[in-house]
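Working notes, beginning with the structure itself.
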Amino acid sequence: MEAKCPVCESPVQLPDDVMPGELVECPSCGATLEVYEQDGVFLLKEAEEIGEDWGE
Ligand SMILES: [Zn+2]
6 MEAKCPVCES PVQLPDDVMP GELVECPSCG ATLEVYEQDG VFLLKEAEEI
56 GEDWGE
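When you line the sequence shown up against the numbering used here, it's residues 6 to 61, in that order.
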């Protein structure tokens, strides 16, 4: 499975068992990207560097 990096628009390979909310790193620009799903398609957005508020 493949998605497009929103930063540099390079294709980013996703694991077959990828889940929405997972973080992946773009191999081209090194950006940390969060996987999300829209209309059954996996997409990537820039992850925010917060990591505190996971809303347990
Ligand atoms: Zn990129």
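Each residue gets a CB set at the ideal place from its N, CA and C atoms; glycine is no exception. Note that the coordinates shown come from a computational prediction; the quantities given were computed from them, not determined experimentally.
Tell me, please, which residues DSSP counts as bridged to residue i.
i	result
residue 40	49
So, residue i versus residue j, is the Cβ gap smaller than 8 Å?
i	j	result
residue 28	residue 8	no
residue 40	residue 23	yes
Which first and last residues belong to the beta strand (DSSP E) in which residue i is found?
i	result
residue 19	Premise fails: residue 19 is in no beta strand (DSSP E) and is neither H nor E.
residue 30	28-30
residue 7	7-9
Rounded to whole angstroms, what's the CA-CA distance from residue i to residue j? Just pull it up for me.
i	j	result
residue 32	residue 46	21 Å
residue 36	residue 26	15 Å
residue 43	residue 30	20 Å
residue 20	residue 48	13 Å
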